[in-house]
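Peer 1:
Residue numbers (the working numbering): 21 to 921.
1. For residue 504, which of helix, strand or coil comes out of DSSP?
2. DSSP three-state label for residue 625, please.
3. Quick one: which unbroken alpha helix (DSSP H) runs of 4-plus residues sit fully inside the segment 747-817? Chain order, please.
4. For the beta strand (DSSP E) that contains residue 459, what are its first and last residues?
5. When we look at the beta-carbon of residue 502 and count the other beta-carbons within 10 Å, is it buried (16 or more) or exposed?
6. Spell out the partners DSSP gives residue 227 in its beta bridges.
7. What is the residue span of the alpha helix (DSSP H) that residue 443 lies within?
8. Use the C-beta contact count for residue 165: other C-beta atoms within 10 angstroms, 16 or more gives buried, fewer gives exposed.
9. Could you tell me whether the segment 454-461 touches the segment 415-428, using the rule of 3 or more Cβ pairs below 8 Å?
10. Can you give me the C-alpha to C-alpha distance between residue 223 and residue 580, rounded to a whole angstrom?
11. How about residue 573 and residue 396: are their beta carbons less than 7 Å apart?
12. Report the rounded CA-to-CA distance for residue 239 versus residue 266, giving the unit in angstroms.
13. Check residue 65 in the structure and name its three-state DSSP category.
14. Between the beta-carbon of residue 874 and the beta-carbon of residue 814, is there less than 7 Å?
15. Any idea which residues DSSP pairs residue 481 with across the strands?
16. Closer than 6 Å by C-beta to residue 158: which residues in its own chain qualify, once you throw out the five before and the five after it? Chain order, please.
17. Can you tell me where the alpha helix (DSSP H) with residue 128 in it begins and where it stops?
18. For residue 650 and residue 718, I'd like the C-alpha separation in whole angstroms.
19. Return the chain-ordered list of same chain residues with a C-beta closer than 8 Å to the C-beta of residue 640, the five sequence neighbours on each side being excluded.
20. For residue 75, does the three-state DSSP call read helix, strand or coil?
21. Using alpha carbons as the reference points, say which of 257, 339, 337 and 381 lies closest to residue 302.
22. Less than 6 Å between C-beta atoms, sequence neighbours within five positions excluded: which residues of the same chain meet that for residue 710?
23. Assuming residue 207 contacts residue 270 under a Cβ cut-off of 8 Å, what Cβ separation, rounded to an integer in Å, is found between them?
24. On a Cα-Cα basis, can you pick out the residue from 750, 771 and 696 that is closest to residue 712?
25. Straight-line CA distance for residue 799 to residue 386?
26. Please determine, among 453, 655 and 309, the residue with the shortest C-alpha to C-alpha distance to residue 725.
27. Among the residues of its own chain, which have a CB less than 6 Å from the CB of residue 70, if the five just before and after it don't count?
28. Looking only at its chain, what residues have a beta carbon closer than 8 Å to the beta carbon of residue 131, apart from the 5 residues adjacent to it on each side?
29. Among the candidates 722, 588, 440 and 317, whose CA atom is the shortest distance from the CA of residue 793?
30. Got a sec? Which residues, its chain only, sit under 7 Å from residue 100 by beta carbon, not counting five neighbours each side?
31. Output the distance between the C-alpha atoms of residue 627 and residue 196, rounded to the nearest integer angstrom.
32. Rounding to the nearest angstrom, what Cα-Cα distance links residue 910 and residue 846 in this structure?
33. Look at the alpha carbon of residue 902 and the alpha carbon of residue 803, and state the distance between them as a whole number of angstroms.
34. Provide the residue span of the alpha helix (DSSP H) that contains residue 679, from first to last.
35. Excluding sequence positions up to five away, which residues of its chain have a Cβ less than 6 Å from the Cβ of residue 337?
36. What's the gap between the Cα of residue 368 and the Cα of residue 689?
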């Protein structure tokens, strides 16, 4: 395929499998893309008002005002006023508003004229609504802004050519700044930054799976398509679409559409950016539905029982108040606060969370698959030697390698940079002076080599550089001692021994080969070359690179192992280097499995091999993804750390995709988590923080679920046996709000070391067992409090209902708050494990509030009365007994089930 555009409009879209795109794009958008696909390059530039050198400075601002930023942000946080209004959609707020309306109707609008309106209940509910809405709004607003700030730390750029002072300048710009008419340079690993018309292509292949679902990349060219149907623009071979990625090759494109005017923008308009639910998401949703089901059963029962035995109006108010107490109204807030706090804490450890719900999977990760380069090694690649085929230093080999690295237009990696650094300015200036680029055959992960074609006098010279095995596969001869010899088995054995010796030292080896074409062959090729021309080549020599193991890698791997996370290395490098490096950093290498071996395995054998093997070498991108998917299918929570184009499929397949801020665009976009430093030590800190975050969330869920389960029995018994309401509806609301407020510091609580040393996964059956064992304990002591108030303090008639209600209020609120300290740890609370000071402060404040509330005007205005001092010794006895029994049951539970949280 030619680098320059062919001017004849001959290419047509594929006739099979055409996708009709008008259902997604408007007619105008489809027609616009089709029009550009039909135009030749000069027509494209004229239509866009640009040139091959890009937009000039005077065009930027007018276009910016007209088209805005190039972004498709359907997940952008809503404006503050919208977030504020959204907080009223919470069931808790709606129930409070309903209760407030009933209170206003009964206590104010229909009040007895002689007694006058009573605003106390209405004011109480109004205060609760204001506090709850304000708190929820502020937390969610702050969390969304913090998440945006973290995302902003990771930017995607594009190589854009624009005219500066009349001269073309190519620079990296954030893709948000791109405009229609911009000229962008494309290379392997790049994300397509908008809908573009290809104006130059060299073996350009683009992965369009996110739009088409096809796993095979689409080959692109610059040739116009004369009869393209607007309904099938997605099949156009000269168009690229926003969000797709360059797999191999290189090219230049003119931006046609940006932002919401792109195909991707139209496809996502009105849609939420939802990823598949994690086990944690599903678990939280199940808990919420389970508690709401409890409420739906309880509320009618409480209403009917109290209505039949007491007053129907009071029964209604009490039933609705009970509904508030049984509704997990603060669960979304506490979960969001925990995740947001975890994300902010991780950012301090150089870990950026792109998807908040990935934190739980991060903590649950029990297998980490990672590349070798830059993770186990320093990622500081140095060209150690440039050798001939006898292993002697060779400037000729270096010069040829430098020509290959200098003239390639694709993705320039660390190896190329090391070659150019070793060549130095003087050699590179000479190369640029003496030679020019004719064509190139870009790198791909199947061939594992790349070639450039340069002019060399009156003939063309092909220079190939790549993995030793793949380069040797296209060679028929080698330069030995200055003479060209056929590649005999004996010579191949000599070369294999030479390369193996360097590999055993932990060095990576690349081969350099050439093919010099005759004048007639040069004329016949007409400056166009393909992979078929990589044949009959002559091996010139080798390059050896050293990327030393990181000093911190061994300690980090040991720490991850101690925390229950196994490390598996999946590398494209050869087995000898992989074995050497992995052995130095403390990985139990065992048997290394290579990519070619993987292709020969049946599924059953492959499943077993993946479980047993710690190091995989010479694997391609799809094999990486297959390894990850197999581990997931076998019940592991899998993380994958990668930063290359070849890592994107595995990053998407993993439970937790992890990349680094210096990764190629497609790797960063595929990841859930971004590391600001490619170091396993950083990852270890993130894993621990993820487990801490999950631990604090699961605390609240188990506290809430068990407490509500116990309250269900207590309220049913009280409703059936008492001649009056066990608690005033407004007081139920106050108790519920005070408890919820005390729980807002849970994200800042400590988590015991036992919880952090192993992966933590969501277990719904564990929650059910927890509720059945722990929930009834509170009911036992609620009932002893009923008996205490009824028999000891004679609060056994409607005239003494206020005393009964006050006594149960204090015991219920304090016991509900104390259980926080009992459940938060599997150790002995306060002695072996203490909560953080924010939790101590808020739970202590809740207990103090409960003690004094019946004694102050607010509590008395709601119908509570001061309790006799004789009540408090009984209260202490009840609470101590409650804690002791809970601790006893906790110990038995842990012995039986082997876990607590």
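Glycine included, C-beta positions come from ideal geometry on N, C-alpha and C.
Peer 2: From the atom records:
1. strand
2. helix
3. 749-762, 773-776 and 784-807
4. 457-461
5. exposed
6. 265
7. 434-454
8. exposed
9. yes
10. 42 Å
11. yes
12. 10 Å
13. helix
14. no
15. 474 and 536
16. none
17. That residue, residue 128, is in no alpha helix (DSSP H); it is neither H nor E in DSSP.
18. 28 Å
19. 465, 466, 592, 615 and 666
20. coil
21. 381
22. 379, 382 and 383
23. 5 Å
24. 771
25. 39 Å
26. 309
27. 201
28. 137 and 138
29. 722
30. 161
31. 43 Å
32. 7 Å
33. 12 Å
34. Looking at the DSSP string, residue 679 is not in any alpha helix (DSSP H); the run it does join, the beta strand (DSSP E), is 676-680.
35. 749
36. 21 Å
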